[in-house]
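To start, the structure under review is shown below, and the notes come after it.
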Amino acid sequence: MRKKILTVAAVLAGVLGLTAVRCDSAESAGTSGGKRSDRKTITVGFSQIGAESGWRTAETKSIRSEAARRGVNLKFSDAQQKQENQIKALGAFIAQKVDAIILAPVVEAGWEPILKQAKAAKIPVILVDRGVNVSDDSLYTTLIASDFVAEGKMAGEWLAGKLNGQGNVVELQGTPGAAPAIDRKKGFAEALEKHPNIKIIKSQTGEFTRAKGKEVMEAFLKGAQGGGTKIDAAYAHNDDMALGAIQAIEEAGLKSGSDVLVVSIDGIKPAFEAMVAGKLNCTVECNPLLGPAAFDAVEAVLAGRPLPKKSVVRDRIFDQSVAKEVIGSREY
Ligand code: GYE
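Counting in our numbering, the sequence shown runs without a single skipped number right up to 824 at its last residue.
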């Protein structure tokens with residue numbers, strides 16, 4: 493299995509950098525043929541979670557630059573990780589009668605009342621990168637996101653191969669209640685079900701940040717040392733936490749990448765640098781360049797064209813064996 497994944501990664505590595513985020517909506521809802529001059533300027537509100545990771549900064553940049561490229565008037569709001577700020581921002585967008593809303597929801601639960609308000613005001617809501625839990629899915633237009641369960645599975649399968657089916661693993665989870673934290677945990681655990689001698693000995697949130705990832709890994713290492721346990725590998729739900737964990741491993745006098753294997757998700761440039769340096773073993777890409785697909789969806793819904801309920805972004809896995817080859821073509 494591992495060989496197969498790596499072969500796929502190696503083949504795909506050649507085209508990486510040239511391949512934009514592809515998803516159903518981007519392909520079916522292309523609008524480049526339209527005459528822009530006789531269109532009114534559209535106003536779109538974008539409620540972003542914050543700037544906790546390199547991934548998120550790349551996503552913000554992609555949405556901002558795509559809005560500028562299309563002449564969209566973008567109202568940007570940074571929620572600093574708080575759902576209440578996102579709800580307030582959505583309320584303000586509704587009051588301002590924006591044409592559409594793009595929402596990257598910090599957690600899955602708690603969106604129904606504000607989404608009902610948007611629906612009543614006939615303002616379409618496009619979800620990017622994370623999903624929501626609602627009983628009525630007509631409360632949003634479409635979701636453009638990766639398959640986080642599949643990402644967790646890829647990471648788990650890769651690690652199981654590398655560990656030869658045996659070892660102690662610690663897990664650094666993303667933001668509690670966030671779709672990628674829930675699903676990446678699930679996918680990873682599913683992959684390990686086939687490997688009963690691999691144990692997840694600790695699992696805790698590092699909130700998707702480098703600082704918290706370091707702090708949590710320090711505590712894991714201390715605890716393991718005290719209890720006479722060896723940590724063979726760390727699985728982080730994003731690269732930033734992995735980079736923090738690497739620091740903690742090295743400060744504890746261990747070699748990251750060999751004494752302790754480190755696997756994560758996102759595929760940001762610093763992760764590739766850490767792989768080239770031999771400190772990170774593997775990362776599963778999660779493409780944040782969602783601007784083009786998000787605005788294709790906005791334009792499609794405003795033009796009354798149908799959209800799929802979900803568009804899944806393609807992800808790939810990269811490990812140290814291909815890192816050097818592809819690092820130059822990384823776009824984020
Ligand atoms: O993996 C992480 C970020 O929602 C997919 O959020 C996104 C995740 C990403 O902070 O780095």
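Note that beta-carbon positions come from the ideal geometry of N, C-alpha and C, so glycine has one too.
For Arg676, the closest of Val599, Ile757, Phe712, Pro616 by C-alpha to C-alpha distance is Ile757. Membership of Asp731 in the alpha helix (DSSP H) is indicated by the continuous run 731-743. For Lys816, the enclosing alpha helix (DSSP H) begins and ends at 812-818. In the assembly as shown, Asn779 is a buried residue. Its beta-carbon has 16 or more other beta-carbons within 10 Å. The C-alpha of Val641 is placed about 6 angstroms away from the C-alpha of Lys678.
The residue from Ile819, Leu713, Ser554 with its alpha-carbon nearest to that of Gln739 is Leu713. Taking C-beta atoms as the reference points, Glu604 and Leu582 fail to come closer than 8 angstroms. Look at Ser569: its beta carbon is at least 7 angstroms from all of the heavy atoms in ligand 1.
If you draw a straight line from the Cα of His687 to the Cα of Ile615, it comes to about 48 angstroms.
In this chain, the alpha helix (DSSP H) harbouring Gly718 covers 702-719.
Secondary structure of Ser545 (DSSP, three-state): coil.
Residue pairing by DSSP places Val662 opposite Lys694, Ala726 in a beta bridge. Going by DSSP, Asp758 is part of no alpha helix (DSSP H) but of the beta strand (DSSP E) stretching over 753-758.
Relative to ligand 1, the beta carbon of Ile594 is positioned no closer than 7 angstroms to any heavy atom. Residue side-chain check: Asn730 places its Cβ nearer than 7 angstroms to a non-hydrogen atom of ligand 1. By the neighbour-count definition (other C-beta atoms within 10 Å, threshold 16), Lys589 is an exposed residue. Sequence-distant partners of Gly648 (beyond 5 residues in either direction) whose C-beta falls short of 8 angstroms from its own C-beta, in its chain, are Gly679, Phe680, Ala681, Glu682, Ala683, Leu684, Tyr727. In the DSSP annotation of this structure, Asp570 is not part of any alpha helix (DSSP H); the continuous beta strand (DSSP E) holding it starts and ends at 565-570.
Contact holds between the stretch 688-700 and the stretch 654-668, because three or more Cβ pairs, one in each stretch, are under 8 angstroms apart. In terms of Cβ geometry, Ala786 and Val620 form a close pair [threshold 8 angstroms].
For Thr535, the pairing in a beta bridge is given by DSSP as Asn565. Leaving aside the five residues that flank Gly770 on each side, the residues in its chain whose CB is nearer than 6 angstroms to its CB run, in chain order, Gly749. Not a single heavy atom of ligand 1 lies less than 7 angstroms from the C-beta of Arg556.
If you look at Val598, you'll find it isn't in any alpha helix (DSSP H); DSSP assigns it neither H nor E.
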